[in-house]
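Q: Those sequence lines, one after another, are chains A and B.
The working numbering puts the first residue of the first sequence at 1, with every later residue one more than the last.
The working numbering puts the first residue of the second sequence at 1, with every later residue one more than the last.
Pasting a structure here, questions to come.
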Amino acid sequence: MTYTKLVFELSSPGRVGYQLAETGITKTNQPILDASLFRQEPASLPEVSELDIVRHYTKVSQKNIGIESGFYPLGSCTMKYNPKINDEMASLDGFKLIHPTQPLETIQPLLKIYYDMANMLNEVTGMGGTSLNTFAGAHGELVGLMIMKSYHEARGDHQRTKVVIPDSAHGTNPASAMMLGYETITIKSKNGRVDVDAIKQALNHQVAGIMLTNPNTVGLFEKDILTIAKLVHDVGGLLYYDGANLNPLLGLARPGDMGFDIMHMNLHKTFSTPHGGGGPGSGPVSVAKHLVPYLPKPVVVKDNNQYRFDYPSTSCGQVGGFYGNFLVVIRAYSYIRTVAQDLMNVGPNAVLNANYIQASLKDLYKLVADQPCMHEFVMNGLIDQTSGVKTLDIAKRCLDFGIHAPTIYFPLLFDQSIMVEPTEVESKETLDEFIKIFRRIAQEASTAPDVVKTAPHHTPVGRLDEVSAARTPVLHYQALTKIKEN
Amino acid sequence: MFKYLPLTEADQQSMLKVIRVQKMDDLLHDIPASIRLKKPYQILPRLSESQLRKHLKTNQGKVLQSFRGYGVYEHERPAIIDAISSRQEFLTSYTPYQPEVAQGTLQYIFEWQSMITQLTGMDVSNASMYDGPTALSEAMMMAVSVTSIKRIIVASALLPQAEEVIKTYARHRGVSLTILNPKDGLIDYAQLMKEMETPFAGVIFSYPNRFGLIEYFDRLSPLIKAKKALVISYNDPFALARLKTPREIGADIVCGEAQSLGLNPNFGGPYLGYLTTLNEWVRKMPGRICGYTKDNRGQRGFVLTLQTREQHIRREKANSNICSNQSLLALQATIYMSALGKRGLVKAFDQACLVTRYLVDQLIQTGLFTKTYKASYAYECTLTAKVDVKKLEKALVQKGILFGFPIEQNQVVVYGSETKTKEDIDNLVQAIKEVQHDLH
């Protein structure tokens with residue numbers, strides 16, 4: 001049986017897992033606070049000893065697989081190795097124990113890291129200015145659009161109410177635009193790429209900008225990018241780059257040189273910081289020179305070899321409590337400083353790895369674009385559909401072999417999408433193993449389809465009932481204790 | 001070759017053969033020649049691991065003995081937090097998209113939701129938000145979405161970092177913000193009544209507030225609800241171990257910064273925003289939510305649920321663009337709450353309040369400070385000083401001390417963590433006596 005206890009179920013009244021300091025301060029008879037200010041009932045938190053907590057979470061962790069457990073080819077997620085030295089650097093006391101409002105003279109090295117990091121990211125992206133104040137890719141996108149909005153407004157250009165987005169875009173693109181009150185115009189893809197004629201038709205003086213990712217989510221480079229940039233600039237709009245797929249461009253091309261005006265990147269993808277089971281990320285925003293005044297505040301500036309925060313009045317605003325996820329920035333800084341000129345080899349190796357898997361599976365799986373891909377490629381299920389084995393089944397069977405499944409059912413352009421992104425950190429042997437597994441699953445689909453359709457068989461839990469989870473939501477332990485399990 | 005790039009020349013050649021191309025460039029024809037990168041990046045020079053270690057160890061910030069909170073709090077922090085959360089299964093995994101191999105993440109999110117709803121008293125929590133201020137911004141947008149009215153009133157004195165961020169979100173979304181001036185550090189009731197005559201989507205309260213003061217809104221909630229608007233409460237969850245829950249006094253949405261639940265100051269991030277609400281508003285809630293279910297073997301299991309609110313399904317009709325975000329920090333907070341537990345968190349709160357009282361008393365006894373406000377305070381207290389507190393801050397830094405946050409030339413908010421002892425405070429007072437004559 002799999003360990004499925006919750007920490008609450010280890011609780012026994014009176015047990016403790018903490019120890020407080022002896023303050024040496026004598027209590028007076030006067031109560032510290034009037035009891036009328038107190039809550040009625042104490043919060044029902046567990047009471048567990050330290051060892052039992054450690055054992056509990058160790059067992060819980062063993063139900064997860066991480067990048068160190070095995071290959072993790074999630075498309076568009078760029079699951080690369082998270083180097084240990086970066087974690088070690090982020091754990092230094094002089095970073096993690098620093099209060100964000102400490103006087104400037106005590107935090108000069110930290111501001112220098114921000115300053116240098118922004119400059120290095122400017123160079124890698126070909127942009128004119130970078131802010132590290134954003135917490136995640138989606139947050140970077142939202143702030144990027146705030147910059148777009150601030151720019152148009154500063155020019156007195158208030159008619160721009162629309163943002164153009166291809167149907168292959170990540171879901172965050174239209175959702176970010178919505179959050180700022182923009183109307184979105186969806187452009188249909190043509191042969192896996194954005195349709196330039198459709199863009200032409202959509203463009204006018206009401207368009208604030210276009211959001212694109214390049215390579216796109218089909219894994220193809222948008223080869224008309226220079227034309228698209230010219231088209232949108234000609235009507236006064238801006239070109240936004242969703243940096244989720246930046247990894248393959250390292251060493252090959254820069255968004256700034258393609259004509260992008262604003263972009264975000266994901267330090268937890270391209271720059272190797274751990275995903276943490278869903279955060280913390282970091283989503284720096286970079287802009288072309290003419291948009292630098294609109295970057296979020298505060299901005300780190302340098303005068304006379306001293307660093308300080310600046311709060312420009314033109315800024316799109318303060319977008320988080322302080323300066324973003326600093327410890328994530330430290331990790332990415334460590335990555336760039338150690339990898340250095342080998343960053344030039346990241347993109348090419350990532351592209352080669354993806355093409356190698358694509359070429360090795362295309363006789364069994366339906367490629368959505370039978371041409372060289374960039375960092376990832378998409379298969380629309382099996383070529384032989386007679387078994388009725390679907391993408392979901394393939395993904396679940398994949399888990400039985402100790403590797404994470406690729407991204408599935410995205411992009412939404414195809415009904416059986418399987419999106420594979422190996423990244424540059426994987427050896428040929430690892431790719432060969434993956435290819436072997438995917439070929440075996442294809443074979444099983446015709447010889448023993450039920451094995452695939454009922455997978456996974458070797459994971460801590462089997463297929464989970466997502467429908468009833470949504471129909472009768474049980475969202476915490478107290479609710480769980482009220483229902484009868486079984 | 002480089003240690004993170006395993007493909008050898010021979011590997012590359014054999015792979016190109018399988019792909020049926022001659023050379024790497026044959027895969028890259030789609031990139032226009034005019035934008036192909038032609039020269040290496042001009043970045044800082046390469047460091048080996050030992051060089052990097054030396055470089056960063058000699059370029060850290062100055063660690064100070066801190067009497068400052070102001071939204072970022074030092075607490076007793078069990079070593080097990082880092083030991084557990086640095087396990088690769090937690091640290092290096094992705095968002096739990098394949099729940100069969102991500103039960104670890106899903107289970108602690110479920111535990112996190114269970115604990116934070118216990119502290120706030122609310123029905124549901126999401127998996128986490130970026131930080132407190134962005135959580136409050138999303139809460140504000142929830143109220144706007146529920147009521148279709150684009151106006152929010154801020155009644156309590158919020159921490160400035162929260163106020164600044166909601167201003168940004170409001171401005172870009174066309175939401176009008178009415179921020180009341182505090183009266184004696186508290187809510188200006190007359191002003192609030194007047195502002196409530198114009199339609200509004202919600203009112204934001206906060207306790208302890210910017211000045212460390214405790215003020216409840218139980219008398220106001222019914223008036224706000226009568227106008228079909230939402231009551232939003234912004235709280236340090238550490239304080240909710242002891243103080244009345246926002247639920248008890250009528251909140252619809254409770255959110256805030258959970259850095260105080262076992263996270264280091266981290267120079268501002270990563271932190272942990274939380275957002276909890278009533279069942280009534282769950283479909284308007286942003287972010288991931290984890291729910292209980294069963295697998296096909298009849299075992300207990302957990303999945304991400306109610307996903308039709310979210311961007312990857314609903315795109316431009318989603319509640320928010322937020323994906324997963326501060327998961328690992330939610331794990332840290334969950335371990336912290338497990339360790340402190342039902343009694344420990346209350347004890348830590350009481351002890352922090354005790355330490356703060358001793359701190360305040362000792363500071364007042366120097367003759368340099370008086371209490372600015374009369375109202376009840378918890379573990380932070382605003383003091384009015386006879387000296388320039390910014391100069392005092394500077395002088396104390398020389399002695400390795402981070403004094404309270406100077407909110408004015410002559411006002412400072414001090415914080416007494418439960419980790420501080422009588423000796424620490426006596427040392428502070430001694431240091432102030434030593435530098436006070438240089439401050440006038």
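No residue lacks a Cβ here, since even glycine has one placed at the ideal position from N, Cα and C.
Is it a yes or a no for the segment 317 to 326 of chain A touching the segment 159 to 178 of chain A, going by three-plus beta-carbon pairs under 8 Å?
A: Touching, no, given that fewer than three Cβ pairs across the two stretches are closer than 8 Å.
Q: Verify whether the separation of the beta carbon atoms of I232 (chain B) and H139 (chain A) is less than 9 Å.
A: Residue numbering aside, residue 232 (chain B) sits at position 232 when the second sequence is read from its first letter. Residue numbering aside, residue 139 (chain A) sits at position 139 when the first sequence is read from its first letter. No, Cβ-Cβ distance for I232 (chain B) and H139 (chain A) is not below 9 Å.
Q: For P99 (chain B), count the other beta carbons within 10 Å of its own beta carbon; 16 or more makes it buried, fewer makes it exposed. Which is it?
A: Taking the first residue of the second sequence as position 1, residue 99 (chain B) is located at position 99. Looking at its Cβ environment, which holds 16 or more other Cβ atoms inside 10 Å, P99 (chain B) is buried.
Q: Have a look at I407 (chain B) and L159 (chain B) and give me their C-alpha separation to the nearest angstrom.
A: By one-based count along the second sequence, residue 407 (chain B) stands at place 407. By one-based count along the second sequence, residue 159 (chain B) stands at place 159. C-alpha separation (whole angstroms): 11 Å.
Q: DSSP three-state call for T276 (chain B): helix, strand or coil?
A: As a working mapping, residue 276 (chain B) is identified with position 276 in the second sequence. In this structure, T276 (chain B) counts as strand in the three-state DSSP scheme.
Q: Could I get the ranges of all uninterrupted alpha helix (DSSP H) runs contained in the segment 60 to 131 of chain A, with 4 residues as the minimum, in chain order?
A: Whole alpha helix (DSSP H) segments, 4+ residues: 84 to 90, 93 to 96, 108 to 125.
Q: From B:N59, B:P237, B:E111, pick the residue whose C-alpha is nearest to that of I53 (chain A); which is it?
A: The residue you call residue 53 (chain A) lines up with position 53 of the first sequence. For I53 (chain A), the nearest C-alpha among the options comes from B:E111.
Q: Starting from D310 (chain A), follow its DSSP beta bridges and name the residues at the other end.
A: Counting from 1 along the first sequence, the entry for residue 310 (chain A) is found at position 310. In the DSSP output, where bridge partners are listed per residue, D310 (chain A) has A:V299.
Q: Could you tell me which residues DSSP pairs with F377 (chain A) in its beta bridges?
A: Position 377 of the first sequence, counted from the first residue, corresponds to residue 377 (chain A). Paired residue(s): A:V420.
Q: Nearest to H488 (chain A) by alpha carbon, out of A:L220, A:P348, A:P83?
A: Absent from the structure is residue 488 (chain A), since the part of chain A shown begins at 1 and ends at 486.
Q: Under 9 Å, do L230 (chain B) and I249 (chain B) count as touching if we go by C-beta distance?
A: Against the second sequence, residue 230 (chain B) aligns to sequence position 230. Against the second sequence, residue 249 (chain B) aligns to sequence position 249. No, Cβ-Cβ distance for L230 (chain B) and I249 (chain B) is not below 9 Å.
Q: Do F410 (chain A) and I31 (chain B) count as a contact pair if the criterion is CB distance below 9 Å?
A: Position 31 of the second sequence, counting from 1, holds the residue named residue 31 (chain B). Position 410 of the first sequence, counting from 1, holds the residue named residue 410 (chain A). Cβ distance not < 9 Å, so I31 (chain B) and F410 (chain A) don't count as in contact.
Q: Please classify C353 (chain B): does DSSP put it in a helix, a strand, or coil?
A: Here the question's residue 353 (chain B) lines up with position 353 in the second sequence. If DSSP states are grouped into helix, strand and coil, C353 (chain B) belongs with the helices.
Q: For chain B, is any of its Cβ atoms less than 9 Å away from the one on A332 (chain A)?
A: On the first sequence, position 332 is the one that residue 332 (chain A) refers to. By this cut-off, A332 (chain A) is not an interface position.
Q: For my contact list, F45 (chain A) and G121 (chain B) are in at a C-beta cut-off of 8 Å; report their separation, rounded to the angstrom.
A: Stepping through the first sequence from its first residue, residue 45 (chain A) is reached at position 45. Stepping through the second sequence from its first residue, residue 121 (chain B) is reached at position 121. The residue asked about is misnamed: residue 45 (chain A) is Leu in this sequence, not Phe. About 13 Å separates the two Cβ atoms, so there is no contact after all.
Q: Since I believe L278 (chain B) is in contact with R288 (chain B) (beta carbons under 8 Å), could you give me their beta-carbon distance rounded to a whole number of angstroms?
A: In the second sequence, the residue the question calls residue 288 (chain B) occupies position 288. In the second sequence, the residue the question calls residue 278 (chain B) occupies position 278. About 19 Å; that fails the 8 Å criterion.
Q: With a threshold of 16 other CB atoms inside 10 Å of the CB of S313 (chain A), please say whether the residue is buried or exposed.
A: Locating residue 313 (chain A) in the first sequence gives position 313, where the first residue counts as 1. So S313 (chain A) counts as exposed.
Q: Beta-carbon within less than 7 Å of P284 (chain A)'s beta-carbon, same chain only, minus the 5 sequence neighbours each way: which residues are those?
A: As a position in the first sequence, residue 284 (chain A) is number 284, starting the count at 1. For P284 (chain A), where only same-chain residues beyond five positions count, the Cβ hits under 7 Å are L121, T130, S131, L132, T134, G140, H264, M265, L267.
Q: Any contact between the segment 12 to 19 of chain B and the segment 356 to 375 of chain A? By contact I mean 3 or more CB pairs, one from each, below 8 Å.
A: A contact exists between the segment 12 to 19 of chain B and the segment 356 to 375 of chain A.
Q: With the cut-off set at 9 Å, would you say S86 (chain B) and S327 (chain B) are in Cβ contact?
A: Numbered from its first residue, the second sequence carries residue 86 (chain B) at position 86. Numbered from its first residue, the second sequence carries residue 327 (chain B) at position 327. Result no, Cβ atoms of S86 (chain B) and S327 (chain B) do not sit closer than 9 Å.
Q: Can you give me the C-alpha to C-alpha distance between P473 (chain A) and L464 (chain A), rounded to a whole angstrom?
A: Taking the first sequence and counting its residues from 1, one reaches residue 473 (chain A) at position 473. Taking the first sequence and counting its residues from 1, one reaches residue 464 (chain A) at position 464. For P473 (chain A) and L464 (chain A), the distance between alpha carbons rounds to 14 Å.
Q: With contact counted as at least three CB pairs below 8 Å, one residue from each stretch, are the segment 369 to 380 of chain A and the segment 425 to 437 of chain A in contact?
A: At 8 Å Cβ cutoff, the stretches do not touch.
Q: Check whether the Cβ atoms of I153 (chain B) and G202 (chain B) sit closer than 9 Å, and answer yes or no.
A: The residue you call residue 153 (chain B) lines up with position 153 of the second sequence. The residue you call residue 202 (chain B) lines up with position 202 of the second sequence. Their beta carbons are under 9 Å apart, which means I153 (chain B) touches G202 (chain B) by this criterion.
Q: From V355 (chain B) to V48 (chain A), what distance separates their C-alpha atoms?
A: Taking the first residue of the second sequence as position 1, residue 355 (chain B) is located at position 355. Taking the first residue of the first sequence as position 1, residue 48 (chain A) is located at position 48. Each residue's alpha carbon lies about 26 Å from the other.
Q: Given that F8 (chain A) touches chain B, what residues does it touch there, using C-beta distances under 8 Å?
A: Residue 8 (chain A) sits at position 8 when you count from the first residue of the first sequence. Here the neighbours are E111, S114.
Q: What are the start and end residues of each continuous alpha helix (DSSP H) run of 4 or more residues lying completely inside the segment 84 to 140 of chain B, in chain order?
A: You should have 88 to 91, 103 to 120.
Q: Using a cut-off of 8 Å between C-beta atoms, extract the partners of C323 (chain B) located in chain A.
A: What you label residue 323 (chain B) is simply residue 323 of the second sequence in a count that begins at 1. Result: A136, G137, A138, T172, G278.
Q: Pick from B:V146, B:F403, B:I204: whose alpha carbon is nearest that of A447 (chain B)?
A: Residue coverage of chain B in this structure runs from 1 to 440, which leaves residue 447 (chain B) outside it and unanswerable.
Q: Compare the C-alpha of P348 (chain A) against each of B:L27, B:I149, B:K3, B:Y4 and name the closest.
A: Reading the first sequence from its first residue, position 348 is the one you call residue 348 (chain A). The candidate whose alpha carbon is nearest that of P348 (chain A) is B:L27.
Q: Drop a sphere of 10 angstroms on the beta-carbon of P78 (chain B), count the other beta-carbons inside from all chains shown, and report buried for 16 or more, exposed for fewer.
A: As a first step, residue 78 (chain B) must be located in the second sequence, where it is residue number 78. Result: buried.
Q: Which residues, in order along the segment 26 to 44 of chain A, keep a beta-carbon less than 8 Å from a beta-carbon of chain B?
A: Against chain B - using a Cβ distance shorter than 8 Å - the residues of the segment 26 to 44 of chain A are K27, I32, L33, D34, L37, F38, R39, Q40, P42, A43, S44.
Q: Assuming contact is defined by CB atoms lying nearer than 9 Å, are T334 (chain B) and V429 (chain B) in contact in what I supplied?
A: The sequence position of residue 334 (chain B) within the second sequence is 334, counting from 1. The sequence position of residue 429 (chain B) within the second sequence is 429, counting from 1. Cβ distance not < 9 Å, so T334 (chain B) and V429 (chain B) don't count as in contact.
Q: In angstroms, rounded to a whole number, what distance separates the CA positions of K63 (chain A) and Y81 (chain A)?
A: In the first sequence, residue 63 (chain A) corresponds to position 63, counting from 1. In the first sequence, residue 81 (chain A) corresponds to position 81, counting from 1. C-alpha separation (whole angstroms): 20 Å.
Q: Going by DSSP, name the residue or residues bridged to L304 (chain B).
A: Position 304 of the second sequence holds residue 304 (chain B). Answer is B:C290.
Q: How would you list, in chain order, the residues of chain B whose beta-carbon sits under 8 Å from the beta-carbon of H404 (chain A)?
A: Counting from 1 along the first sequence, the entry for residue 404 (chain A) is found at position 404. Result: Y94, Q98, V101.
Q: Rounded to the nearest angstrom, what separates M117 (chain A) and R46 (chain B) at their Cα positions?
A: Here residue 117 (chain A) refers to the residue found at position 117 of the first sequence. Here residue 46 (chain B) refers to the residue found at position 46 of the second sequence. Cα-Cα distance, rounded: 14 Å.
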